[in-house]
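A short worksheet on the structure shown next.
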Amino acid sequence: MYSEWGLNPLDVISWLIYPLLPVVFVATFVATWYKSRQGDEEFGMKASKFHLYFFGIWYLLGVFNWGVFFPSEWNYGMWIAAASGIGLHPTAYGLGEHITAWFDNR
429 MYSEWGLNPL DVISWLIYPL LPVVFVATFV ATWYKSRQGD EEFGMKASKF
479 HLYFFGIWYL LGVFNWGVFF PSEWNYGMWI AAASGIGLHP TAYGLGEHIT
529 AWFDNR
């Protein structure tokens, strides 16, 4: 089916993942918020990894298919949402203080 469109299997997987990115990003934030209200603080670590891996897989498929590409004006929001998955990780809070303390002690 995809060969008649001139696509290889990696193109098809990338094409299927791209529309799911916003859904996955929102779902990880909602699930993390819900689980933290339930008292499960460790879920944020799992959600953060899934969030970042899902984006990373899509980006690597794009690199394999089209070469290295960077955000353009039509998808800045998607890249910001992908990077915001770092904030889901429980140890990410206070990361700025750790970094500045490291620079102060040098």
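The opening residue of the sequence shown carries number 429 in our numbering; numbering runs sequentially from there. Glycine included, C-beta positions come from ideal geometry on N, C-alpha and C. Treat the numbers as computed from the prediction; the structure is a model and nothing was measured.
Residue 443 to residue 515 span [Cα, whole Å]: Start at 1 with the first residue of the sequence shown, and residue 443 comes out as number 15. Start at 1 with the first residue of the sequence shown, and residue 515 comes out as number 87. Our two residues, residue 443 and residue 515, have alpha carbons roughly 27 Å apart in a direct line.
Cβ-based neighbour list, residue 438, same chain, cut-off 8 Å, excluding 5 preceding and 5 following: Here residue 438 corresponds to residue number 10 of the sequence shown, with the count starting at 1. Excluding positions up to five away in sequence, the list reads 489, 492 and 493.
The ligand GDP heavy atom lying under 6 Å from the CB of residue 452: In terms of ligand content, the structure shown is empty, and the ligand GDP therefore cannot be addressed.
Proximal residues to residue 517 (C-beta, below 7 Å), its chain only, five neighbours per side dropped: Working through the sequence shown from its first residue, we reach residue 517 at position 89. So the qualifying residues of the chain are 472, 473 and 476.
Residue interval of the alpha helix (DSSP H) (run including residue 493): The sequence position of residue 493 within the sequence shown is 65, counting from 1. Per DSSP, residue 493 belongs to the alpha helix (DSSP H) from 471-494.
Short Cβ contact (7 Å threshold) for residue 478 with residue 510: Within the sequence shown, the letter at position 50 stands for residue 478. Within the sequence shown, the letter at position 82 stands for residue 510. No, the pair does not count as a contact, with Cβ atoms beyond the cut-off.
Proximity below 7 Å, CB of residue 480 to CB of residue 505: Looking up residue 480 in the sequence shown gives position 52. Looking up residue 505 in the sequence shown gives position 77. In this structure, residue 480 keeps its C-beta atom at 7 Å or more from the C-beta atom of residue 505.
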